[in-house]
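Heads up: the protein sequence lines correspond to chains A and B, in order. Using this note's numbering, the first residue of the first sequence is number 8, and each one after it goes up by one. Using this note's numbering, the first residue of the second sequence is number -10, and each one after it goes up by one. Using N, Cα and C, we set each Cβ at its ideal position, and we do this for glycine too. All figures in this text were calculated on a predicted structure; none of them were measured in a lab.
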Amino acid sequence: MDERERSKLFEQTVLPHLDAAYNLARWLAGNDHDAQDVAQEASLRAFKFFGNFRGENARAWLLTIVRNTFYNWLQKNRRQEMAGELDDEALAVEDAAVNAEALNLRLADAAAVRRAVEELPVEFREIVVLREMEGFSYKEIADLSDVPIGTVMSRLARARKRLQKRLAGEFKPGGQR
Amino acid sequence: MNCQQAKPIVEAYADGALEAAMIMELERHLHDCPACAQALRNVQSLKKALQQDAHYFAAPTELRRRVKAELNSKSELKSRSSMWNWLTAATTGMATACLALLLVVSLGRPSAEQRLTQEIVSSHVRSLMADHVLDVVSTDQHTVKPWFNGKLDFSPPVKDLAAKEFPLIGGRLDYLGGRNVAALIFRRQKHVINLFIWPTKEKNSEPALITSSQGYHLIHWSEVGMVFWAVSDLNEKELMEFVQDYEIRPD
């Protein structure tokens, strides 16, 4: 395949997923400027490594690269946000049921939902995007994020618990904002 | 099943990831246990709130433009340098190249089905890239179906699956395997499903068969004298749900 054909094939198979790439980058990086940088760099890396793409799932493949690009970027630019402090004592406390009425009220407020997701630690934001916005299965997320399926499930459960508690007004991350 | 056993699997249930055997048991428990049923409802409402379009950031035009520009400049540079390499290596490489080409041609000839799959994926991808996804934009099956009158020599069965969370978006005329076909467009969240329909002389129904190509899943089946091909980047399971909801099954 010559370079032009390769580029055309890339445009047809991978570029249609640029929205997904940007959306993930945007949720991870938290602002448009950094998200565009990450999504652009990831797209160009994807093109460079397009030869390794085995034609399975272009969207998952591209998002794997976005994810890696983002964590490299994070390490360089905002080390303090790196993973590691996912132990949420506030949640380890009995996972009593949340107040459904309060929860439903806040869920109707899109801005409140958005803020609650933005306040999640980065790994939790990632899994929420992959599962709820991209609709990937547990298995696909496990492959994409390179963690065991059990980790996917427990992370997702914890992310959801946090969101529910936050939205129902029972949990404030890291003090007041 | 008790609450202790139900709790850890309620989310897998909400995510459609629970195996069939467990589903029945869990549902029985949910029926009798208001607390677990409420926990499930909470997860479901949360999922729904997160899946709203409002939370999805589409790529800015500026980003799309920059990526395309970079790709073009990269592939042009490479083309030029590879042209030079080719010229210098041409004399020695010629024989090998011819042999390789022959091999590719004889081994690489795709079957009719592969060619059709390719055409369908290409058509699906084109519909995602260009603005001409739809010729008739309507979520009403009673608008979409008559629109095909006079444009096709058959009347495709049009169903709206909004209730199953696969809303109909519209339709368009397409051209596959040398004939005009109906293309119906559905959505699940951000994922577009193209459903291609054309008539067949084959009277027997054929069950749904799943394949994939270039990262897209395809399911095709035939019934009531029509061939159906559904294609999407949706995961296999949900695309299968779509097909099961769409199937007409006259019996």
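What span of residues does the alpha helix (DSSP H) with residue i cover, start to end?
i	result
Leu223 of chain B	Taken as a continuous stretch (DSSP letters only), Leu223 of chain B belongs to no alpha helix (DSSP H), as it is neither H nor E.
Ala109 of chain A	Ala107 to Leu114
Tyr2 of chain B	Cys(-8) to Ala3
Leu165 of chain B	From DSSP, Leu165 of chain B is part of no alpha helix (DSSP H) but of the beta strand (DSSP E) over Leu157 to Leu165.
His40 of chain A	Asp39 to Lys55
Phe17 of chain A	Glu10 to Thr20
Tyr29 of chain A	Leu25 to Ala36
Could you work out which residue in the options is closest to residue i when comparing CA atoms only?
i	options	result
Val120 of chain A	A:Glu141, A:Lys146, A:Ser152 and A:Ala166	A:Ala166
Ile237 of chain B	B:Ala197, B:Gln107, B:Ala48 and B:Arg55	B:Ala197
Glu227 of chain B	A:Phe143, A:Arg52, A:Thr158 and A:Leu163	A:Phe143
Val216 of chain B	B:Leu39, B:Ile186 and B:Leu19	B:Ile186
Arg11 of chain A	A:Arg85, A:Phe54 and A:Ala107	A:Phe54
Leu7 of chain A	A:Asn111, A:Pro155 and A:Leu163	Only positions 8 to 184 of chain A appear in this structure, which leaves residue 7 of chain A out of reach.
Ala117 of chain A	B:Ala10, B:Leu39, B:Val133 and B:Phe231	B:Leu39
Arg66 of chain A	A:Thr158, A:Leu81, A:Gln82 and A:Ala49	A:Ala49
Ala28 of chain A	A:Asp150, A:Val129, A:Tyr78 and A:Thr71	A:Thr71
Ala175 of chain A	A:Ala149, A:Asn111 and A:Gly37	A:Asn111
Trp113 of chain B	A:Ala107, A:Pro23 and A:Trp68	The sequence shown places His at residue 113 of chain B, not Trp. It is A:Pro23 whose Cα lies nearest to the Cα of His113 of chain B.
Met160 of chain A	A:Ile148, A:Arg169, A:Leu170 and A:Gln171	A:Ile148
Val213 of chain B	B:Glu230, B:Leu60, B:Pro188 and B:Leu141	B:Pro188
Trp80 of chain A	A:Gln47, A:Glu108 and A:Trp68	A:Gln47
Val133 of chain B	B:Leu165, B:Ala171 and B:Lys153	B:Ala171
Ala24 of chain B	A:Gln43, A:Val135, A:Lys168 and A:Asn106	A:Asn106
Met(-10) of chain B	B:Arg17, B:Met229 and B:Ala26	B:Arg17
Lys15 of chain A	B:Phe231, B:Lys63, B:Leu19 and B:Ile12	B:Lys63
Thr76 of chain A	A:Val45, A:Arg122 and A:Arg61	A:Val45
Val124 of chain A	A:Val154, A:Lys168, A:Arg85 and A:Thr158	A:Lys168
Arg122 of chain A	A:Arg13, A:Gln19, A:Gln82 and A:Asn38	A:Asn38
Leu69 of chain A	A:Met140, A:Leu51 and A:Arg85	A:Leu51
Between which residues of its own chain and residue i is the CB-CB distance below 6 Å, once the five residues before and five after are set aside?
i	result
Arg176 of chain B	Pro156 and Ile158
Leu92 of chain B	Only weak support exists for where Leu92 of chain B lies, its pLDDT of 48 falling under 50; the value from the coordinates is given anyway. No residues qualify anywhere along the chain.
Glu108 of chain B	Leu165
Arg113 of chain A	Ala119 and Leu174
Val136 of chain A	Leu31 and Trp34
Asn84 of chain A	none
Count the other CB atoms within 10 Å of the CB of residue i; is the residue buried (16 or more) or exposed (fewer)?
i	result
Cys(-8) of chain B	exposed
Thr50 of chain B	exposed
Pro145 of chain B	buried
His209 of chain B	buried
Gln233 of chain B	exposed
Asp9 of chain A	exposed
Asp163 of chain B	buried
His40 of chain A	exposed
Gln103 of chain B	exposed
Val126 of chain B	exposed
Ala194 of chain A	Outside the shown range of chain A (8 to 184) lies residue 194 of chain A, about which nothing can therefore be said.
Asp26 of chain A	buried
Asn64 of chain A	buried
Gly204 of chain B	buried
Ser211 of chain B	buried
Ser221 of chain B	buried
Gly182 of chain A	The predicted model places Gly182 of chain A with a pLDDT of 44, which falls under 50 and marks its position as unreliable; any figure quoted below should be read in that light. Gly182 of chain A is exposed by the Cβ-count criterion.
Leu96 of chain B	A caution first: Leu96 of chain B carries a pLDDT of 48, below 50, which makes its placement in the model unreliable, though a value can still be read off. So Leu96 of chain B counts as exposed.
Glu141 of chain A	buried
Lys192 of chain B	exposed
Ala48 of chain B	buried
Ala101 of chain B	exposed
In chain order, what residues of the same chain have a beta carbon less than 8 Å from the beta carbon of residue i, not counting five sequence neighbours either side?
i	result
Leu7 of chain B	Ile(-2), Ala1 and Leu15
Ala3 of chain B	Leu29, Val32, Gln33 and Lys36
Glu133 of chain A	Leu31, Trp34, Leu35, Arg74 and Ser152
Ile174 of chain B	Ser116, Val122, Leu123, Leu157, Ile158, Gly159, Gly160, Arg161, Val181, Ile182, Asn183 and Leu184
Lys179 of chain B	Asp42 and Tyr45
Ala99 of chain A	Annotation note: pLDDT 48 at Ala99 of chain A (below 50); position unreliable, coordinate value reported separately. For Ala99 of chain A, where only same-chain residues beyond five positions count, there are no Cβ hits under 8 Å.
Cys22 of chain B	Cys(-8) and Ala(-5)
Thr128 of chain B	Asp149, Ala151, Pro156, Leu157, Ile158 and Gly159
Arg168 of chain B	Trp187
Phe17 of chain A	Ala53, Phe54 and Phe57
Between which two residues does the beta strand (DSSP E) harbouring residue i extend?
i	result
Ala10 of chain B	Taken as a continuous stretch (DSSP letters only), Ala10 of chain B belongs to no beta strand (DSSP E), being part of the alpha helix (DSSP H) at Ala9 to Asp21.
Ile174 of chain B	Arg168 to Arg177
Ala197 of chain B	Glu195 to Ser202
Phe185 of chain B	His180 to Pro188
Glu212 of chain B	Tyr205 to Glu212
Can you name, in chain order, every residue of its own chain whose Cβ lies under 7 Å from the Cβ of residue i, other than the five neighbours on each side?
i	result
Glu225 of chain B	Ile199 and His206
Lys146 of chain A	Ile156
Thr106 of chain B	Thr200, Ser202 and Leu207
Ala42 of chain A	Tyr29, Ala32, Arg33 and Ala36
Can you list the alpha helix (DSSP H) stretches of 4 or more residues lying completely in the segment 60 to 89 of chain A, in chain order? Qualifying alpha helix (DSSP H) stretches, in chain order: 65 to 84.
Counting only runs that start and end within the segment 117 to 167 of chain A, where is the alpha helix (DSSP H) found for 4 or more residues in a row? Runs of the alpha helix (DSSP H) inside the segment 117 to 167 of chain A: 117 to 125, 129 to 135 and 145 to 152.
At what residue ranges does the segment 103 to 129 of chain B contain a whole run of the beta strand (DSSP E), taking only runs of 3 or more? Listed in chain order, nothing qualifies, since the segment 103 to 129 of chain B has no complete beta strand (DSSP E) run of 3 or more residues.
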